[in-house]
Amino acid sequence: VRAYRRRPDGEAFVFVSVLAGIVVFSCFSYPFSYPFTWFAAAVGTVGLSVGDGASESARRGRGGRQFVVAALSLALAGFTVCGMSFDARWHELACRGVPGGAETVFPEYERLYPFLKKDPYFVYNYAARANRAGDFGRSATLAAECETMLDDYDVEMLQADNFRRMGDFGRAEERYRLASAMCPGRFMPLYELVNLYDATGRRDEADALARVIVLKPAKIPSGTVGAIKMKMEKRLAGE
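In the working numbering, each number is its position in the sequence shown, counted from 1, plus 1008.
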């Protein structure tokens, strides 16, 4: 702002407008997840700073710099447009049902994977679709990839379900406990642990955890939480 006030010409106005646009963009999204935004921010900042104190000799080389900036802008804009097209294809795929089975969507996920494999949300979505289709091995592999980029409650719950369905109850218990530690207010990890203990013959541990669920206050009351508490109360009443 200080540089623009010292040199309020047309070029400086363009740089300030670019930076202002990024600020507005940041209020509604995550602009710096796009390489083009980083480049635009650098151009706007450097353009104002260099232009503010540039010597006459530096100003004479402005044309060459402008050509380089324009070329890089076009290249990065192209990459951004390609990324947006892949995101649009993924969005369409994610919203599509699977009336014909997993075979109708997995080939398309595979085609998008080389371009979006660094996007944790794409990888998680792919893993979740594989889980719903019953391909738990593929889902577990993808979820493990997602964990290296983004590891949160949803990823751990998905991975726990994969291990449980593959019969790896030890790792499933570990993931349910980790998910519960990530979000202590959630009831679902504890409820799934009760089911896991029942499936592995650990009745006493299941009953003890059921008591914890019944006594646990609901941070945000909901139908799901109410149903879980009711099931645990009936379980304990039938002892």
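For glycine and all other residues, C-beta sits at the position ideal for the given N, C-alpha and C.
This structure is a prediction, so every number in the text was calculated from the model and none was measured.
Distance from residue 1094 to residue 1123 at the Cβ level is roughly 5 Å; contact confirmed, criterion being Cβ atoms closer than 8 Å.
For the 8 Å CB-CB criterion, residue 1163 and residue 1150 do not form a contact.
Per DSSP, residue 1228 lies in no alpha helix (DSSP H) segment and is marked neither H nor E. Burial is judged here by how many other beta carbons sit within 10 angstroms of a residue's own beta carbon; residue 1055 has at least 16 and is buried. Judged by DSSP secondary structure, residue 1123 falls within the alpha helix (DSSP H) whose first and last residues are 1114 to 1124. In this model, residue 1153 and residue 1196 are separated by some 24 Å (Cα to Cα). Counting along the chain, the unbroken alpha helix (DSSP H) around residue 1154 starts and ends at 1144 to 1157. When DSSP states are grouped into helix, strand and coil, residue 1083 belongs to the helix group. Out of 1194, 1203, 1231, 1211, the CA that lies nearest to the CA of residue 1224 is found in 1194. With 16 or more other Cβ atoms inside 10 Å of its own Cβ, residue 1147 counts as buried. Excluding the 5 residues flanking it on each side, residue 1047 has same chain C-beta neighbours closer than 6 Å at 1084, in chain order. Counting only the Cα atoms, residue 1113 lies some 10 Å from residue 1138. The alpha-carbon separation between residue 1190 and residue 1184 amounts to approximately 10 Å.
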